[in-house]
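Worksheet for the structure shown next.
Numbering (the working numbering), first residue to last: -6 to 639.
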């Protein structure tokens, strides 16, 4: 009978091969139970046959070797040496006797070399751990801390890649991902087996696999085969309240890269990582708390300053009210009480109760419609509708049907009756803006309505009586248009029973602080933030500018400043054209008074032509750009330059 001699470390045993099948593996159920963790539970078996014995590998994870060559089935011969992990098995007495003599010397030498190599490796690893400890104690940036941790773990274990994964509920967050060259791993969430990471995170037990592709524990995990994982080491990172994350290392190229010793090294790194992460988070929390206290202090100081400014403003308003004659109506919607504005409001007080047409004149952007609304809402028709229309925004054919309405079938597309603005404004107020752009033919029809107080809808036979107060506005000189024959004189005098001149913003710069405060409150509230502070050198810049776009331009500038600021508005968010301002006017009689700066002259011409084009295009920027002969992008840049667009 042939014997099989089994050598595991210093342990030696002789097993007779008398059974038909002799099983070998790590499971106690085997005929020959091995202790080496590199052997599979059922690794291989020896089958007796007529010619002797056959060695058969039964699907082991790390392979079966005979005389140094991996085999799946081999007829054994006297003297063959079988290797399973660290265990050696000898077939027959001759091989074992020779091996014993040879290996006794080799084992002593190997042991000496192994001990020396282990000492060198342990010393190197200790030095690496010491450097990591020093770095972790000096580094407070959490992300850099995690990068140092993963780079050290890769260096200690010869891993190909490493990841620090933190669990937050059902979510796995990848806080650091590096490869052996210390480059960031792109898309780390799809580069690891999330199932392995989740298992370690939930169970708190490390996982070490010499070849994940053949590891029975991972047979049902699809990501292992998709990623072709081989060596995997995943260790929990334990915080004060349990496992907070995992340290995940792998090598897709080699099997058996990680050892039990590596597992202990990674355990040490994970322990230091947990302490470092906790310290870094405490520093972050402390910094956040300090910043919160500082922010609260700034907010308290801002509130004190704001309340002081509001109190000063209230005192100033009270002083002005005490020194100025009281107005009949509050006109709260109209911001500003400079002398020019007070004079205009006093005129409104005198004419507001009349039912006569009123012509409101002023430059574009001065707030003519706001004045019209004030006349309506404080007047006798305040319970009726207020209807507004920009005449310049509509072509003549559309304007007629818009003002007077139409009947079904009057023209193509008129599939139902539609009331015009005169009917809609019945017993109320109709505000017609930019009248200077109305054609002579439409002027004639408007005059008839004012005279007869009736309209005839397009396509209708009968007239409709209307009771409407007409308020009109123009940013052009209607009297000049009358002289040029471009506006009917009789209509002009019908519309200007009373005339209200709205002063441009350059004549009411005393109102700039109140307007600034109003728009800050309005738009800061809409964005959900507190009213912003304004540096002391901002208001002088705003007051030095002429504001050719008037209140509309000023409003847009404030909105832009709010959008570009945090809590405090500084001079660097003010538009460049406004910061540049305008030079002081030369003294009368000075020859320089006839000379204008070319850049300013070009800006003024461009600003004027852009305003005209926008008005002609009804505010449509694409059409305005076509009229100006430039691209829409060029027009938008100029609008931003001049503070004319949102």
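Glycine is no exception: its CB is placed at the ideal position from the N, C-alpha and C atoms.
Between the CA atoms of residue j and residue i - distance to the nearest angstrom
i	j	result
residue 98	residue 0	Only weak support exists for where residue 98 lies, its pLDDT of 45 falling under 50; the value from the coordinates is given anyway. The straight-line gap from Cα to Cα measures roughly 16 Å.
residue 457	residue 484	21 Å
residue 541	residue 628	18 Å
residue 487	residue 375	23 Å
residue 480	residue 437	10 Å
residue 62	residue 202	23 Å
residue 576	residue 555	At residue 576, the pLDDT of 39 sits below 50, so the modelled position is not reliable and the matter cannot be decided from this model.
residue 475	residue 433	11 Å
residue 388	residue 634	30 Å
residue 66	residue 49	4 Å
residue 40	residue 210	29 Å
residue 371	residue 621	41 Å
residue 393	residue 451	8 Å
residue 226	residue 251	7 Å
residue 158	residue 298	47 Å
residue 18	residue 33	6 Å
residue 465	residue 296	43 Å
residue 143	residue 4	40 Å
residue 319	residue 442	38 Å
residue 220	residue 245	8 Å
residue 363	residue 324	10 Å
residue 341	residue 301	33 Å
Cβ-Cβ separation, residue j to residue i (assumed contact under 8 Å), whole Å
i	j	result
residue 47	residue 152	Incorrect: roughly 39 Å between the Cβ atoms, too far for contact.
residue 57	residue 37	5 Å
residue 135	residue 230	About 13 Å; that fails the 8 Å criterion.
residue 528	residue 560	Actually they are not in contact, since the Cβ atoms of residue 528 and residue 560 sit about 11 Å apart, beyond 8 Å.
residue 74	residue 81	6 Å
residue 422	residue 377	7 Å
residue 160	residue 241	Incorrect: roughly 12 Å between the Cβ atoms, too far for contact.
residue 328	residue 511	5 Å
residue 564	residue 534	6 Å
residue 493	residue 353	5 Å
residue 497	residue 356	5 Å
residue 599	residue 553	No, residue 599 and residue 553 are not in contact; Cβ-Cβ is about 19 Å, not under 8 Å.
Coarse secondary structure for residue i, derived from DSSP in three states
i	result
residue 228	strand
residue 492	strand
residue 23	coil
residue 17	strand
residue 38	strand
residue 543	helix
residue 486	helix
residue 269	helix
residue 357	coil
residue -2	strand
residue 211	helix
residue 322	coil
residue 406	coil
residue 381	strand
residue 610	coil
residue 172	strand
residue 177	strand
residue 453	coil
residue 447	strand
residue 579	Low local confidence applies: a pLDDT of 43 at residue 579 is under 50, so the model's placement there is unreliable, with the coordinate-based value given in what follows. Three-state DSSP puts residue 579 in coil, outside helix and strand.
Unbroken beta strand (DSSP E) run spanning residue i, endpoints
i	result
residue 236	235 to 244
residue 354	351 to 354
residue 9	4 to 9
residue 155	154 to 161
residue 462	461 to 467
residue 390	Taken as a continuous stretch (DSSP letters only), residue 390 belongs to no beta strand (DSSP E), being part of the alpha helix (DSSP H) at 389 to 397.
residue 83	80 to 84
Range of the contiguous alpha helix (DSSP H) that encloses residue i
i	result
residue 139	135 to 150
residue 342	332 to 344
residue 569	569 to 573
residue 421	Per DSSP, residue 421 belongs to no alpha helix (DSSP H); it is in the beta strand (DSSP E), 421 to 426.
residue 196	187 to 196
residue 49	Unbroken run through residue 49 is the beta strand (DSSP E), 45 to 50; no alpha helix (DSSP H).
residue 77	Element bounds for residue 77: not the alpha helix (DSSP H) but the beta strand (DSSP E), 74 to 77.
The ligand FAD heavy atom lying under 7 Å from the CB of residue i
i	result
residue 424	The ligand FAD is not among the ligands present in this structure, which contains no ligands whatsoever.
Do the segment 177 to 189 and the segment 205 to 219 touch if we need at least three Cβ pairs shorter than 8 Å?
-> Under the 8 Å Cβ criterion, the segment 177 to 189 counts as touching the segment 205 to 219, having at least three qualifying pairs.
For the segment 400 to 417 and the segment 446 to 462, state whether three or more C-beta atom pairs, one from each stretch, are separated by less than 8 Å.
-> Counting Cβ pairs under 8 Å, three or more are found: they touch.
Using 8 Å as the Cβ pair cut-off and three pairs as the minimum, do the segment 419 to 429 and the segment 376 to 385 touch?
-> Contact holds: three or more Cβ-Cβ distances are below 8 Å.
Inspect the CB distances between the segment 251 to 259 and the segment 146 to 166 and report whether three or more fall short of 8 Å.
-> Short answer: they touch.
For the segment 192 to 201 against the segment 232 to 241, are there 3 or more C-beta pairs whose distance is under 8 Å?
-> The segment 192 to 201, when compared against the segment 232 to 241, does touch it at the 8 Å Cβ threshold.
Spell out a yes or no on whether the segment 324 to 339 and the segment 487 to 503 are touching, meaning 3 or more CB-CB pairs, one atom from each, closer than 8 Å.
-> Taking 8 Å as the limit for Cβ pairs, the verdict is that the segment 487 to 503 does touch the segment 324 to 339.
Between the segment 566 to 574 and the segment 530 to 550, do at least 3 Cβ pairs fall closer than 8 Å?
-> The answer is yes - the segment 530 to 550 touches the segment 566 to 574, with three or more Cβ pairs under 8 Å.
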